[in-house]
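Read through the structure below, which is laid out as structure tokens, and then see the notes.
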Amino acid sequence: MPLKNTRAAFPDGFLFGTATAAYQVEGSSFGGCGPSHWDTFAATPGNVVGGENGAIACGSYNRVNDDLDLLQAGNFDAYRFSLSWSRILPEGRGAPNAEGLDYYDRLVDGALERGLKPLATLYHWDLPAALSDLGGWRNRDVADWFADYSEVVLDRVGDRLWGVGTINEPWCVSWLSHFLGLHAPGTRDIRAAARAMHFVLLAHGRAMERMRARGQQNLGIVLNHEDIYPADDSPEAKAAATREDATYNRWFLEGVFRGTYPQEALAGLGPHMPDGWQDDMALISQKLDWIGTNYYTRNLIGPRDGLWPATAHVDGPLPKTEMGWEIFPEGLTNVLKRVHSYAGGIPQFVTENGMAAPDAVANGAVQDDDRIAYIDAHFGAALAAIEAGVPLKGYFTWSLMDNFEWALGYDKRFGIVRVDFDSLERTPKASYQALKAALARN
Ligand code: FCB
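Here the numbering used here runs 205 ahead of the position in the sequence shown, where the first position is 1.
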């Protein structure tokens, strides 16, 4: 099944890539990586489906050339990967692990040798356990720890990176992990959440400042957005959707682009914010070179009885992916237009988009037509955003390969390449072949 939307439909120079994250693919047991809070969260009963963890993952630590070969052969232009803080600094601070830095050196060179632009994410969720012991994202010092770590990274590979993103999905780092408690460190506490929501952006700002000072080019951040709607016409549903949108989307857009936080979010979080947070907002809202958007689905929201924020997800009627997420490509257009309204003219990227599917294997092949249709429809939505004036410059599929899907373990497969988690063998799926054909440079 071919894609209708191919490279030829996009503006010249538009970048196509795939995305991965260190903890999800590398294997945290290899190469002197220190423990992260994902290792300890996963070792705690009930946190991850099947008691699984990222100790082996896809074993990319030992197979990175194979993975880069797949990208090159698939006609991709760029690779978005993350660096593991605990692999580089096993104690979070102090002495670097030389083997870890060597690995990223090889990764970056390997990408460049294959004509792939390396786009590095500095933090995709694997906080060193030693820093978690000190309070992690609820400790203001995390901003300096993160900025120091960014310098260790850039001292080694900064000269060859095409671009750098500070933090992946600050909503997940803060709200999902400290209010909902669904990701590491699994905290459910509004004070922890308020602090994490602010300090994660402060860490972004502090690292931006340091990277600018040393002349590092092409710096941005990756925000995740859902297209949020009231579940019905009632004023209660409308107000609930506004509250959800304030904590999920606007907190990060307004923080990063305007130096403010939405009143609807401060209504609940305000009393728990660190003193003097207002003084940090200029640092948080400094100029970016690009903004990345991760988009998967829309979200229908209704009210719930009880304490702020008193919102509830309502099951929608659209076809769903294996995650239970409604498939809503128009939402990508909407979200990109909305980001543009905050970000002005800076380049935008879709830094993640994709779907989980059960992927039946027949004769060693995976005919994932549903994934092909999903990607094609979202390419169409990206094109619609470009037509509407969004300066969209690239699109990264999540993910290059099946990997450790956090609290859901290895059960949810997002890859365009299948991974056999016993042999670690990689098998390109039909979606990989379809993308390869669609992205051929003629
Ligand atoms: C995003 C994460 C990514 C992956 C996808 C499915 O929220 O950034 O690591 O888990 O969801």
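Ideal Cβ positions, reconstructed from N, Cα and C, are used throughout, including at glycine.
Report back the beta-carbon spacing between residue i and residue j to the nearest angstrom; my notes put them in contact at under 8 Å.
| i | j | result |
| --- | --- | --- |
| Ile-426 | Ile-496 | 7 Å |
| Thr-452 | Pro-514 | 6 Å |
| Tyr-309 | Ile-372 | With a Cβ gap of about 18 Å, Tyr-309 and Ile-372 do not count as contacting. |
| Ser-289 | Asp-349 | The Cβ separation is near 19 Å, so there is no contact. |
| Ile-551 | His-477 | Their Cβ separation, rounded to whole angstroms, is 32 Å, which puts Ile-551 and His-477 out of contact at 8 Å. |
| Ala-635 | Gln-572 | 5 Å |
| Tyr-579 | Met-560 | 5 Å |
| Phe-619 | Glu-610 | 7 Å |
Tell me whether residue i, by its Cβ, gets closer than 7 Å to a heavy atom of ligand 1.
| i | result |
| --- | --- |
| Asn-568 | no |
| Cys-263 | no |
| His-329 | yes |
| Asn-454 | no |
| Trp-227 | Per the sequence presented here, residue 227 reads as Ala, with Trp not at that position. Outside the cutoff, so no. |
| Asn-499 | yes |
| Phe-619 | yes |
| Trp-495 | no |
| Asn-429 | yes |
| Glu-610 | yes |
| Cys-238 | no |
| Trp-603 | yes |
| Asn-373 | yes |
| Glu-592 | no |
| Glu-557 | yes |
What are the boundary residues of the alpha helix (DSSP H) that residue i is part of?
| i | result |
| --- | --- |
| Gln-468 | 468-474 |
| Gln-483 | Premise fails: Gln-483 is in no alpha helix (DSSP H) and is neither H nor E. |
| Gly-315 | 303-318 |
| Trp-350 | 347-362 |
| Trp-456 | 456-463 |
| Thr-538 | 535-548 |
| Ser-628 | No alpha helix (DSSP H) holds Ser-628; DSSP gives it neither H nor E. |
| Lys-641 | 635-643 |
| Asp-607 | Segment: none, Asp-607 is in no alpha helix (DSSP H) and carries neither H nor E. |
| Ala-561 | Note, Ala-561: premise wrong, no alpha helix (DSSP H); not H, not E. |
| Phe-246 | 242-247 |
| Glu-592 | 574-592 |
| Glu-414 | 395-418 |
| Asp-272 | 269-278 |
| Leu-336 | 334-338 |
| Ala-227 | 227-230 |
Does the beta-carbon of residue i have 16 or more other beta-carbons within 10 angstroms, so that it is buried, or is it exposed?
| i | result |
| --- | --- |
| Arg-311 | exposed |
| Lys-492 | exposed |
| Asp-432 | buried |
| Leu-306 | buried |
| Leu-385 | exposed |
| Asn-454 | buried |
| Pro-522 | exposed |
| Glu-414 | exposed |
| Leu-381 | buried |
| Ser-287 | buried |
| Thr-249 | exposed |
| Ser-439 | exposed |
| Leu-294 | buried |
| Val-566 | exposed |
| Gln-229 | buried |
| Leu-512 | exposed |
| Lys-617 | buried |
| Ala-303 | exposed |
At which residues does the beta strand (DSSP E) containing residue i begin and terminate?
| i | result |
| --- | --- |
| Tyr-328 | 322-328 |
| Pro-440 | Counting along the chain, Pro-440 falls outside any beta strand (DSSP E), though it belongs to the alpha helix (DSSP H) covering 440-450. |
| Ile-372 | 368-373 |
| Arg-292 | Element bounds for Arg-292: not the beta strand (DSSP E) but the alpha helix (DSSP H), 290-293. |
| Leu-220 | 220-224 |
| Asn-504 | 495-508 |
| Asp-520 | Unbroken run through Asp-520: none, as it is neither H nor E. |
| Leu-385 | No beta strand (DSSP E) contains Leu-385, which DSSP labels as neither H nor E. |
| Pro-435 | 424-435 |
| Arg-285 | 283-287 |
Using a C-beta cutoff of 8 Å, does residue i count as contacting chain D?
| i | result |
| --- | --- |
| Leu-505 | Among the protein chains of the structure shown there is no chain D, as only one such chain exists. |
Check whether the region 253-260 and the region 232-239 touch, using three or more Cβ-Cβ pairs below 8 Å as the test.
yes
The region 478-487 contacting the region 413-422, beta-carbon criterion three pairs below 8 Å
no
Under 8 Å, with one C-beta from each stretch per pair, do the region 276-287 and the region 337-345 reach the 3-pair mark?
no
Three CB pairs or more closer than 8 Å across the region 531-551 and the region 349-366:
no
Answer yes if the region 614-629 comes into contact with the region 261-268, meaning at least three C-beta pairs across the two stretches below 8 Å, and no otherwise.
yes
Spell out a yes or no on whether the region 312-320 and the region 268-277 are touching, meaning 3 or more CB-CB pairs, one atom from each, closer than 8 Å.
yes
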